[in-house]
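These notes are about the structure you will find just below.
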Amino acid sequence: MQSVSVPPGKYEFLVVVPDKPGVREKRLEVRHIHFSNMQPNVENGSWKTGGALLNSVPKDDNPDSLDFMGSTLVCVAKSVEEVREQLSKDIYATSGVWDMDKIQIYPFRAAFRQP
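To convert a position in the sequence shown, counted from 1, into our numbering, add 1143.
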């Protein structure tokens, strides 16, 4: 099995960030901005994968029916502080969707990644 490589001096971090209570409508309102603004981080390799954490298994793919509880992603950065700085600029952070006081950031080493 081949391990996943990252640029020298950078590391992968697994991020779990919960939503604040009662922000579902705000999340849906700014979601398109979140997706648009994250593209440069995806394209430059800073954000490897990510998505919504859910309270329950979705019944369909309609975002309006998803029971959101937060987000998770894998970031490539030099430090936890750099990850926190990147995420603090996201619309979910600046609009009060994410509870940045409860963010969890763990150094992460992927053993494999499926395309």
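Where is the CB? At the ideal position from N, CA and C, for every residue including glycine.
Report the rounded CA-to-CA distance for residue i versus residue j, giving the unit in angstroms.
i            : j            : result
residue 1266 : residue 1252 : Outside the shown range of the chain, which is 1144 to 1258, sits residue 1266, and nothing can be said about it.
residue 1179 : residue 1234 : 10 Å
residue 1207 : residue 1196 : 14 Å
residue 1153 : residue 1181 : 19 Å
residue 1176 : residue 1151 : 31 Å
residue 1210 : residue 1148 : 34 Å
residue 1237 : residue 1224 : 17 Å
Just confirm the distance between the C-beta atoms of residue i and residue j, as a whole number of angstroms; I'd bet it's less than 8 Å.
i            : j            : result
residue 1193 : residue 1214 : 7 Å
residue 1190 : residue 1216 : 6 Å
When you compare each of the options to residue i by their alpha carbons, which one comes out closest?
i            : options                   : result
residue 1247 : 1164, 1256, 1198 and 1226 : 1226
Ordered list of beta strand (DSSP E) runs contained in the region 1205 to 1242, each at least 3 residues: 1211 to 1220
Given 8 Å, three or more beta-carbon pairs between the region 1184 to 1193 and the region 1162 to 1171: no
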